[in-house]
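Enquirer: Protein chains in written order, with the numbering used here: chain A, 1416 to 1901; chain B, 865 to 963; chain C, 160 to 264; chain D, 186 to 288; chain E, 43 to 353.
Have a look at the structure that comes next, please.
The structure is reproduced here in structure tokens:
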């Protein structure tokens, strides 16, 4: 039963994408939803199996790991798989409004959307270093294809920069894989970890692969491409980019440092990675505060929040690990909701420049609420998932007397408050009298469009993550990586 | 024989380098396009010699592949260069098949 | 070094000398057309000699057939390419290649 | 199997030239060629660093390189389509001139 | 003597990389890049892997070179401007970074080569497991049987690249311009010989792929080269709409590979297990068709292909 679920996760969207590319326009909708909607259902048996046994393994094509490729699902992979399924379905429902499956552009959009979902599932399942390279390329190509689907000049330029940097990152990652295969003789991530020792070459390979992945996950100071790409992408695409595509590379960095290099981690590098994270938090937050456009502000907020994921390295321990994993989940939901709300505002108001959005809350009450709720989670205020992860991270920092990290986490929270309250204030401000005068009546609220409801559901999901973290945290506790200091 | 084959390969490689110097520095467009011809013959000879010397028959199929590629590349060169002049005329939307 | 290997060695050396002639022609001849002439003629005969030398060495008819196919195709490709390039070199008013003068970095 | 050091040094030099050109070239086409050339260099290191198995070079990395070559051409083909469209829409073939973006 | 050959090819690679990437006009850079690809194929031949020699020649130099040239031609046809050269400061920095990276990679590579163990465990496992599959060529064995998830996802990458290119293209355009057709009488004769030969060689590579070097990728690339030749000679034209047959060809590789894998799973075998050599040939044929169709369409820069030229 487990093998069918795993196969479905990867092959259902993949075959649906092929079908979407072939069938005539009117039949595209059936294949799109039959490729997306069953994904959460497929995850249920997997969750139950991981809950029971802690780890699910499948040798693809029946060959064991030194020769064949192996799929492994542990707690962390399951959490990110759930996030991917939720984002693919909910943001997919939202995207059906802008790119209806029957439209001319719809066919290409949904083929890429399904390929992206399938590629990310394949990446999260795979335990083979070269297979991770192939899936990472498929994720990058599908994501950039989605980024340029509207053909805006700014999006084209951002996509070109993103593609060049992503290809360069893949080259460094591949060089690392070449070295590891040369030394360990196997490509399986966990087997290679056991075979390699703390020599010069394994550490060099680890550093090379990490550099490549840092470029792809836009961690400060290599974040240059992210704001332009996420800021100029179409609404639903920027949501999936920020919530999932960037996170997947950070997930791989964790896999390398906590599983591959579990017992030969270069200890000197951990604080360095932490400093990168701290830099991202401070730099991203300040830049977010200075932005004129709402989407660019949310994009820089992603740069900042990614910094928290890198804080796992200096705060290595069960607490820090659960905190960072939970932050990955809650930020994904909240950021997707925020980008969808902003996309709605942009669609209705015609612009996302903050100085022209005064009084937008009357016309878009639902989206302003979604923006506020998602902001609560990004900020880390009590009822939300963001609060749980920040609280655990504070405890972890407190436990090891990491005053610097403590200060960075708190400063990040404050700066987030600054750059989130500013747009809310603008949105809810009374519009300048001139604007109200010319169209006579106060702007009427637009109808309750279901795409706004989808964004609200995602924001509520981020809040729900705060109310009931126990099951997820218990699951994460059982699947602790070997790289965690006892 | 096990000495002559590699010797000829080295000799042909030197020929290739000399030929490529002409292709690189050659002033006229035709010189650039000679590289396709050069690779149609010299490299194919090298591959056939390697096939015999390293006793791997698949290299002969590779040589056949090289010859086909050289022919296609030379036609592509001529098309691109001649087409290059298209910039002076307006870029025709349908490609200019002779009616 | 029986007779066959001797013959093969002779053919290989002759082939190499024709390649040398082709390269010297390529470097020394004044303009593109004469270089074209040198390259296509000399190199093809060189390839023929080397292929026949290898055919003698290989000893199997199937390999010899493959070598013959490669050579025939090389000759066909060389003639058509030379024809096209010569046509282009003659008709082309601008001796330079497009993009030559702009030296894009 | 033959003089692995020669190939590794050549691959390193090609990688260096590629990275240099990637940073210096302002025309995107040249940068894409640089990335493809660096990829070939890394494939060379992958095959040579794997080392021989009873004489012949190990077959597995060769299959990986074959996969890598096809992925390289897919990425380059998409990048070229993106570049042509970028040139058509904005008239520029470089990442530098930000002038005509609708800020 | 073999050291002399390797040294010559290795220095050739470095010199050609320099000529392709630094200075001189862009068109000359592309020509030198194609020569670099063919020299790389020679290097693979010297390293004892004809498969890679064919793949590098057909895909690395042939199809990539054709794509670069057509892109260069389209940029000129669009009259795209030439960017200003970079500032000298950046040139010095770039030179420093380039040299540093070359030295680092050389040290890493030499250390890796020096510290070679008894040979990869995976490689030995491959040597032991290969006879059981009835295949002679280890590379095809790895690609289609042992690590077939890589190959499946890689064909999906090619499909994603095509769909993404179509998404970039936008649906308002019939097709990107193509250079004027070269249908001089002699070219017709060459096409009449080369096109069928390309199909013949592709089928041979496919059939031989299980025992001798060859396989779906090289075969697909040879088909694509034939397609490019037909387009340049004016026999094949871009069409605004993608016919159903062509669409099926595009997704054939992914669908057939996944289909066989899932059917085996339904029959109780492990996922993606390949039952026999007949399945290997079925999958390789489908992949060859997909790869060939995708690469030709990427060259054409259009949705579909048609034999009759548009009026």
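All C-beta atoms in this analysis are idealised placements derived from N, C-alpha and C, irrespective of residue type, glycine included.
Bear in mind the structure is a predicted one, so any value in this text is a computation, not a measurement.
#1: What is the C-beta distance between residue 1503(A) and residue 1576(A), in whole angstroms, given that I count them as a contact (C-beta under 8 Å)?
#2: Can you confirm whether residue 196(E), when its beta carbon is compared against all beta carbons of chain A, has any partner nearer than 8 Å?
#3: Taking 8 Å as the CB-CB limit, is residue 1509(A) close to chain D?
#4: Could you check whether residue 1530(A) and residue 1432(A) sit closer than 8 Å to each other, using their CB atoms as the reference points?
#5: Give me the subset of the region 1455–1480 of chain A whose CB atoms are less than 9 Å from a CB atom of chain E, sorted by chain position.
#6: Following the continuous alpha helix (DSSP H) through residue 1773(A), name the residue where it begins and the one where it ends.
#7: Classify residue 285(D) as buried or exposed, calling it buried when 16 or more other Cβ atoms lie within 10 Å of its own Cβ.
#8: Residue 305(E): buried (16+ other C-beta within 10 angstroms of its C-beta) or exposed?
#9: For the alpha helix (DSSP H) that contains residue 1806(A), what are its first and last residues?
#10: Count the other CB atoms, across all protein chains shown, that sit within 10 Å of the CB of residue 1850(A); report buried if there are 16 or more and exposed otherwise.
#11: Below 8 Å between beta carbons: does that hold for residue 246(E) and residue 336(E)?
#12: Is DSSP giving residue 1898(A) helix, strand or coil here?
#13: If contacts are defined as beta-carbon pairs under 8 Å, then residue 1549(A) and residue 1580(A) qualify, I think. What distance do you get, rounded to the angstrom?
#14: Of the residues that make up the region 231–243 of chain C, which ones have a beta carbon closer than 8 Å to any beta carbon in chain E?
#15: Considering only the beta carbon of each residue, do residue 208(C) and residue 901(B) sit closer than 8 Å?
#16: Look at the alpha carbon of residue 1421(A) and the alpha carbon of residue 235(E), and state the distance between them as a whole number of angstroms.
#17: Whole angstroms are fine: how far does the CA of residue 1873(A) sit from the CA of residue 1754(A)?
#18: In chain C, which residues lie with their C-beta within 8 Å of the C-beta of residue 235(E)?
#19: Answer with buried or exposed for residue 866(B), where buried requires no fewer than 16 other C-beta atoms within 10 angstroms of its C-beta.
#20: Below 8 Å CB to CB, which residues in the same chain sit around residue 1417(A) once its five sequence neighbours on both sides are set aside?
#21: Along the chain, where does the alpha helix (DSSP H) that runs through residue 250(E) open and close?
#22: I'd like to know whether the C-beta atoms of residue 309(D) and residue 206(D) end up nearer to each other than 8 Å.
#23: Between which two residues does the alpha helix (DSSP H) containing residue 1462(A) stretch?
#24: For residue 224(E), does the count of other Cβ atoms within 10 angstroms reach 16, so buried, or fall short, so exposed?
#25: Mind pulling the alpha helix (DSSP H) runs of 4 or more residues that sit fully within the region 171–246 of chain C?
#26: From the beta carbon of residue 312(E), is the nearest beta carbon of chain A less than 8 Å away?
#27: Between residue 269(D) and chain A, is there a C-beta pair that is closer than 8 Å?
#28: Would you tell me roughly how many angstroms separate the C-alpha atoms of residue 1689(A) and residue 1891(A), rounded to the nearest one?
#29: Out of 213(D), 229(D), 266(D), state which residue places its alpha-carbon closest to the alpha-carbon of residue 189(D).
#30: Apart from the five residues on each side of it in sequence, which residues of its chain come closer than 6 Å, Cβ to Cβ, to residue 1702(A)?
#31: Measuring alpha carbon to alpha carbon, tell me which of 348(E), 264(E), 232(E) ends up nearest residue 285(E).
#32: According to DSSP, which residues form a beta bridge with residue 279(E)?
#33: Give the secondary structure of residue 1730(A) by DSSP, where H, G and I count as helix, E and B as strand, and everything else as coil.
#34: Would residue 1817(A) and residue 1729(A) qualify as a contact pair, given that the criterion is a beta-carbon distance under 8 Å?
#35: Kindly give me the distance between the Cβ atoms of residue 253(E) and residue 179(E), rounded to whole angstroms, as I take these residues to be in contact under 8 Å.
#36: On a CA-only basis, which of 1887(A), 1685(A), 1837(A), 1788(A) is nearest residue 1724(A)? Give me that one, please.
Expert: Looking at the coordinates:
#1: Separation of the CB atoms of residue 1503(A) and residue 1576(A) is rounded to 26 Å, and the pair is thereby denied contact status at 8 Å.
#2: Taking a beta-carbon distance threshold of 8 Å, residue 196(E) counts as an interface residue toward chain A.
#3: Taking Cβ atoms only, chain D never reaches closer than 8 Å to residue 1509(A), which makes this a no.
#4: Cβ atoms of residue 1432(A) and residue 1530(A): closer than 8 Å.
#5: Of all residues in the region 1455–1480 of chain A, the ones placed with a Cβ closer than 9 Å to any Cβ belonging to chain E are 1473, 1474, 1475, 1476, 1477, 1478, 1479, 1480, in chain order.
#6: Annotation for residue 1773(A): no alpha helix (DSSP H) segment contains it, and DSSP assigns it neither H nor E.
#7: With a pLDDT of 42 at residue 285(D), under the threshold of 50, the modelled position of that residue is not reliable, and the figure given next carries that caveat. Answer is exposed; the Cβ neighbour count stays below 16.
#8: By the 10 Å Cβ count, residue 305(E) comes out exposed.
#9: Where residue 1806(A) is concerned, the enclosing alpha helix (DSSP H) stretches over 1800–1814.
#10: Any reading at residue 1850(A) must be qualified, since the residue scores a pLDDT of 48, below 50, and its modelled position is unreliable; the value itself is stated next. Per the 10 Å Cβ criterion, exposed.
#11: No, Cβ-Cβ distance for residue 246(E) and residue 336(E) is not below 8 Å.
#12: Correct three-state label for residue 1898(A): coil.
#13: With a Cβ gap of about 19 Å, residue 1549(A) and residue 1580(A) do not count as contacting.
#14: Taking a C-beta cut-off of 8 Å against chain E, the contacting residues of the region 231–243 of chain C are 232, 235, 236, 238, 239, 242, 243, listed in chain order.
#15: For residue 208(C) and residue 901(B), no; Cβs fall outside 8 Å.
#16: Taking the straight line from one Cα to the other gives about 49 Å.
#17: Our two residues, residue 1754(A) and residue 1873(A), have alpha carbons roughly 11 Å apart in a direct line.
#18: Neighbours of residue 235(E) in chain C, taken as residues whose beta carbon is under 8 Å from its own, are 232, 235 in chain order.
#19: Under this definition residue 866(B) is an exposed residue.
#20: The answer, listed in chain order, is 1460, 1461, 1464, 1471, 1473.
#21: Segment 227–250, the alpha helix (DSSP H) holding residue 250(E).
#22: It is not possible to answer for residue 309(D), since the shown part of chain D is limited to 186 through 288.
#23: For residue 1462(A), the uninterrupted alpha helix (DSSP H) segment begins and ends at 1453–1468.
#24: Buried, by the Cβ-count rule.
#25: Correct list: 191–217.
#26: For residue 312(E), the closest Cβ of chain A is nearer than 8 Å.
#27: With 8 Å as the cut-off, residue 269(D) does not count as an interface residue toward chain A.
#28: C-alpha separation (whole angstroms): 21 Å.
#29: Distances from the CA of residue 189(D) to each of 213(D), 229(D), 266(D) were compared; the closest alpha carbon is that of 229(D).
#30: Residues 1715 of the same chain have their beta carbon placed closer than 6 Å to that of residue 1702(A), with the five preceding and five following residues left out of the count.
#31: The residue from 348(E), 264(E), 232(E) with its alpha-carbon nearest to that of residue 285(E) is 348(E).
#32: The partner list for residue 279(E) (beta bridge, DSSP) reads 348(E).
#33: The answer is coil: DSSP assigns residue 1730(A) none of H, G, I, E or B.
#34: With a cutoff of 8 Å on beta-carbon distance, residue 1817(A) and residue 1729(A) are scored as near each other.
#35: The Cβ separation is near 6 Å, so the contact holds.
#36: Nearest neighbour of residue 1724(A) by Cα position, chosen from 1887(A), 1685(A), 1837(A), 1788(A), turns out to be 1685(A).
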